[in-house]
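Peer 1: Those letters in the sequence shown? Residues 1 to 478, by our numbering. Note that CB positions come from ideal geometry on N, CA and C, so glycine has one too. A quick note: this is a predicted structure, and the numbers were derived from the prediction, not measured.
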Amino acid sequence: MAEIKEMTMDDVEISQLRKGQLVKGKIFMVDEDVITVTLENNQEARMYKDHYGKPIDSFIGEVKEGDEIEAIVSSIKESDENISVLLDRKAIVKNENLVLVEEVYRNETVVDVKITKVDEKGLHVNVLGFDAFLPYGLLDRDLVQRKDELKGETLSVNIIEVKPGRRPRIIASRKKIFEQKRIEEREKRQELRADEFENINTGDVLEGRVERIEKHMAVVRFEHTTGRLRISQIQHERVEDINDHLKVGDIITVKVIKKDKSLDLSMKALLPTPFELFEKNYKKGDKVTGEVVQKLPFGLIIELNESVRGLLHKSEYSWNPNDNFSSYVKISDKLETVITLIDPKKHKISLSRRLLTDNPWKNVNFKRGEDVKAKVLEVTDQGLLVEAKGVDGFIPVAELAVEKVTDPNQLFAVGDEVEARVIEVNPKNWHLKLSIKQKLQQNTRDEYAQYLTEDSQRTTIGDLFGAVLEDTEDESEE
Numbered sequence: 001m002a003e004i005k006e007m008t009m010d011d012v013e014i015s016q017l018r019k020g021q022l023v024k025g026k027i028f029m030v031d032e033d034v035i036t037v038t039l040e041n042n043q044e045a046r047m048y049k050d051h052y053g054k055p056i057d058s059f060i061g062e063v064k065e066g067d068e069i070e071a072i073v074s075s076i077k078e079s080d081e082n083i084s085v086l087l088d089r090k091a092i093v094k095n096e097n098l099v100l101v102e103e104v105y106r107n108e109t110v111v112d113v114k115i116t117k118v119d120e121k122g123l124h125v126n127v128l129g130f131d132a133f134l135p136y137g138l139l140d141r142d143l144v145q146r147k148d149e150l151k152g153e154t155l156s157v158n159i160i161e162v163k164p165g166r167r168p169r170i171i172a173s174r175k176k177i178f179e180q181k182r183i184e185e186r187e188k189r190q191e192l193r194a195d196e197f198e199n200i201n202t203g204d205v206l207e208g209r210v211e212r213i214e215k216h217m218a219v220v221r222f223e224h225t226t227g228r229l230r231i232s233q234i235q236h237e238r239v240e241d242i243n244d245h246l247k248v249g250d251i252i253t254v255k256v257i258k259k260d261k262s263l264d265l266s267m268k269a270l271l272p273t274p275f276e277l278f279e280k281n282y283k284k285g286d287k288v289t290g291e292v293v294q295k296l297p298f299g300l301i302i303e304l305n306e307s308v309r310g311l312l313h314k315s316e317y318s319w320n321p322n323d324n325f326s327s328y329v330k331i332s333d334k335l336e337t338v339i340t341l342i343d344p345k346k347h348k349i350s351l352s353r354r355l356l357t358d359n360p361w362k363n364v365n366f367k368r369g370e371d372v373k374a375k376v377l378e379v380t381d382q383g384l385l386v387e388a389k390g391v392d393g394f395i396p397v398a399e400l401a402v403e404k405v406t407d408p409n410q411l412f413a414v415g416d417e418v419e420a421r422v423i424e425v426n427p428k429n430w431h432l433k434l435s436i437k438q439k440l441q442q443n444t445r446d447e448y449a450q451y452l453t454e455d456s457q458r459t460t461i462g463d464l465f466g467a468v469l470e471d472t473e474d475e476s477e478e
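#1: Counting C-beta neighbours from all protein chains within 10 Å, is the total for VAL485 16 or more, i.e. buried, or is it exposed?
#2: Look up TYR48 in the DSSP assignment and give the residues it is bridged to.
#3: If I measure Cβ to Cβ from LYS90 and keep anything under 7 Å in the same chain, skipping five residues before and after, which residues do I get?
#4: Which residue marks the beginning of the beta strand (DSSP E) containing THR226, and which one marks its end?
#5: Can you name, in chain order, every residue of its own chain whose Cβ lies under 8 Å from the Cβ of PRO46, other than the five neighbours on each side?
#6: Can you tell me whether ASP244 is helix, strand or coil according to DSSP?
#7: Can you have a look at HIS216 and say buried or exposed, based on whether 16 or more other CB atoms are within 10 angstroms of its CB?
#8: Where does ILE56 fall in DSSP's three states?
#9: By a C-beta neighbour count over all protein chains shown, 10 Å radius and 16 as the cutoff for buried, is MET29 buried or exposed?
#10: Taking the alpha carbon of GLY165 as the reference point, which residue from ILE242, VAL293, LYS94 has its own alpha carbon closest?
#11: By the three-class DSSP mapping on this structure, what secondary structure does GLY20 have?
#12: Under 8 Å, do TRP430 and ASN305 count as touching if we go by C-beta distance?
#13: Would you check if the region 255–273 and the region 218–230 touch, i.e. whether three or more CB-CB distances between them fall below 8 Å?
#14: Spell out a yes or no on whether the region 123–131 and the region 154–172 are touching, meaning 3 or more CB-CB pairs, one atom from each, closer than 8 Å.
#15: Looking at LYS334 and GLU291, is the spacing between their C-beta atoms short of 8 Å?
#16: So, ALA401 versus LEU432, is the Cβ gap smaller than 8 Å?
#17: Quick check on the DSSP output: the beta strand (DSSP E) that includes ILE301 runs from which residue to which?
#18: Within 10 Å of its beta-carbon, does ASP10 have 16 or more other beta-carbons around it, so buried, or fewer, so exposed?
#19: Are the CB atoms of GLU32 and PHE59 nearer to each other than 8 Å?
#20: Starting from the Cα of LYS64, find the closest Cα among ILE252, ILE177, VAL144, LYS26 and give me that residue.
#21: Could you tell me whether the Cβ atoms of PHE130 and VAL110 are closer together than 8 Å?
#22: Would you kindly work out how many angstroms separate the C-alpha atoms of LYS49 and PRO55, rounded to a whole number?
#23: According to DSSP, simplified to helix, strand and coil, what is LEU356?
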């Protein structure tokens with residue numbers, strides 16, 4: 001920049017004006033492209049708009065006659081007729097602007113700048129006529145992402161460094177601006193979130209968007225606040241992988257099931273329960289098939305549908321009160337049953353297998369002492385399991401023969417038919433006990449009775465049969 005020297009009273013003579021001299025004057029003529037100035041030494045000088053110091057389209061409207069102006073003598077041309085003096089304000093304006101830039105820096109003032117160039121490291125901006133640099137690290141992230149579109153745009157910045165010189169070093173920054181903006185936006189979001197959260201109550205049904213999915217829950221966003229949807233609250237059935245049911249961006253309807261410091265949400269609370277669906281499709285008397293999932297002392301727990309279970313009480317397993325179902329029913333066995341009770345309030349289902357089978361004792365009568373034919377179903381060390389008149393009965397080993405029996409398998413086989421006498425019967429308890437021995441003994445009595453004559457009236461049948469039994473017992477003891 002040329003040296004600026006203020007004019008003194010000793011320099012009033014025209015011949016003493018020097019190039020680079022700082023002078024003052026008053027405007028007495030204004031044209032579009034040039035102004036005429038009367039200097040303090042009464043010398044006329046001119047200034048063209050390109051030398052005004054800042055870009056203008058015309059002097060008209062920018063200055064007026066009578067305005068005082070300060071400038072630097074940029075040219076003096078003398079001729080025989082006159083002296084032509086040209087003025088320039090660019091250096092003065094540059095100094096003034098540099099002072100302003102330093103004031104902006106010291107006061108941390110926000111100033112608007114125009115982006116003149118975009119390069120790999122940052123933006124070049126014009127600050128009051130000076131070139132300044134704005135690194136990408138001090139620029140908003142969203143602006144960095146569209147940096148190639150920024151040339152020519154205007155930004156508000158802070159000046160964070162000024163180093164004077166022939167080419168001053170000026171660094172601009174938007175960090176304080178965008179951080180403050182973030183703080184304000186965050187505070188606004190927090191305020192909106194608090195207001196929305198305050199107006200949400202337990203039991204409300206809301207529509208939200210799945211914002212994030214984690215292993216065991218999804219985060220659901222409403223307008224300003226969020227809630228958590230745990231994997232167990234997606235549906236009534238077990239969910240193994242939450243991604244099979246939800247994806248980010250899904251719009252879902254949920255119910256607020258808990259409000260504390262956060263919101264707990266549920267989708268399944270809006271769905272009919274498995275019990276409700278079962279109750280809708282089944283009624284008392286319907287046949288259902290289920291899987292045995294638990295064995296209890298008083299019965300079986302049977303899963304009819306997923307998450308729907310019923311109780312098959314031991315008294316409803318069979319007509320036979322002595323049926324030991326636990327000995328042969330296994331977990332995961334499939335059983336067909338009939339529904340005897342559906343209680344929606346208690347979520348209780350009662351089942352019966354007994355009602356699907358016939359009661360073999362229903363139309364059967366036995367009398368004690370009655371002789372019946374029986375079929376051997378099983379041979380054991382304790383005796384024979386037999387079937388008589390369609391019901392099960394038992395012949396103890398002591399009742400298999402008159403003689404002592406040590407191994408029933410030597411005398412009987414499955415499928416054999418035997419004749420036996422009813423010695424105990426209780427239809428209520430499905431109890432039938434038979435005796436082959438008593439039947440045989442009766443046969444022996446009958447055989448002796450046919451040999452009695454009228455001459456042996458003094459000897460009774462009991463006496464004769466008693467003697468025979470004594471002989472038999474003596475043989476057995478031997």
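Peer 2: Let me spell this out:
#1: The first residue shown for the chain is 1 and the last is 478, placing residue 485 beyond what the model contains.
#2: One-based indexing of the sequence shown puts residue 48 at position 48. According to DSSP, TYR48 bridges with VAL34.
#3: Counting from 1 along the sequence shown, the entry for residue 90 is found at position 90. Closer than 7 Å at the Cβ level, and outside the excluded window around LYS90, lie HIS51, GLY53.
#4: For the purposes of this step, residue 226 is identified with residue 226 of the sequence shown, where counting begins at 1. Residue range 226–230 is occupied by the beta strand (DSSP E) that includes THR226.
#5: Your numbering for residue 46 matches position 46 in the sequence shown. Here residue 46 turns out to be Arg, not Pro, going by the sequence shown. Setting aside the 5 residues that flank it on each side, ARG46 is surrounded in the same chain by VAL34, ILE35, THR36, VAL37, SER84, VAL85, LEU86, LEU87, each with a C-beta closer than 8 Å to its C-beta; the list follows chain order.
#6: Your numbering for residue 244 matches position 244 in the sequence shown. Residue state, collapsed to three classes: helix.
#7: Taking the sequence shown and counting its residues from 1, one reaches residue 216 at position 216. For HIS216, the number of other beta carbons within 10 angstroms of its own is below 16, and it is reported as exposed.
#8: Along the sequence shown, read from residue 1 onward, the residue named residue 56 stands at position 56. DSSP places ILE56 in coil when its eight states are reduced to three.
#9: Position 29 of the sequence shown, counted from the first residue, corresponds to residue 29. Exposed: under 16 other Cβ atoms inside 10 Å.
#10: As a working mapping, residue 165 is identified with position 165 in the sequence shown. Among ILE242, VAL293, LYS94, the Cα nearest to that of GLY165 belongs to LYS94.
#11: In the sequence shown, the residue the question calls residue 20 occupies position 20. Residue state for GLY20 is assigned as coil, using DSSP reduced to three classes.
#12: As a first step, residue 430 is located in the sequence shown; it is residue number 430 there, counting from the start. As a first step, residue 305 is located in the sequence shown; it is residue number 305 there, counting from the start. No, Cβ-Cβ distance for TRP430 and ASN305 is not below 8 Å.
#13: Taking one beta carbon from each stretch, the region 218–230 and the region 255–273 have 3 or more pairs nearer than 8 Å; the two touch.
#14: As far as the Cβ criterion goes, the region 123–131 touches the region 154–172, which means the pair count is three or higher.
#15: In the sequence shown, counting from the first residue as 1, residue 291 sits at position 291. In the sequence shown, counting from the first residue as 1, residue 334 sits at position 334. Going by C-beta atoms, GLU291 is nearer than 8 Å to LYS334.
#16: Numbered from its first residue, the sequence shown carries residue 401 at position 401. Numbered from its first residue, the sequence shown carries residue 432 at position 432. No, Cβ-Cβ distance for ALA401 and LEU432 is not below 8 Å.
#17: The sequence position of residue 301 within the sequence shown is 301, counting from 1. Unbroken beta strand (DSSP E) run through ILE301: 299–305.
#18: On the sequence shown, position 10 is the one that residue 10 refers to. Unreliable placement is indicated for ASP10, whose pLDDT of 42 sits below 50; the coordinate value is still reported in the next sentence. That one is exposed.
#19: On the sequence shown, position 32 is the one that residue 32 refers to. On the sequence shown, position 59 is the one that residue 59 refers to. By the CB criterion at 8 Å, GLU32 and PHE59 fall inside the cutoff.
#20: In the sequence shown, counting from the first residue as 1, residue 64 sits at position 64. By alpha-carbon distance to LYS64, the top candidate from ILE252, ILE177, VAL144, LYS26 is LYS26.
#21: Counting from 1 along the sequence shown, the entry for residue 130 is found at position 130. Counting from 1 along the sequence shown, the entry for residue 110 is found at position 110. Not closer than 8 Å, so no.
#22: In the sequence shown, residue 49 corresponds to position 49, counting from 1. In the sequence shown, residue 55 corresponds to position 55, counting from 1. For LYS49 and PRO55, the distance between alpha carbons rounds to 8 Å.
#23: Reading the sequence shown from its first residue, position 356 is the one you call residue 356. Here LEU356 carries a helix assignment [DSSP, helix/strand/coil].
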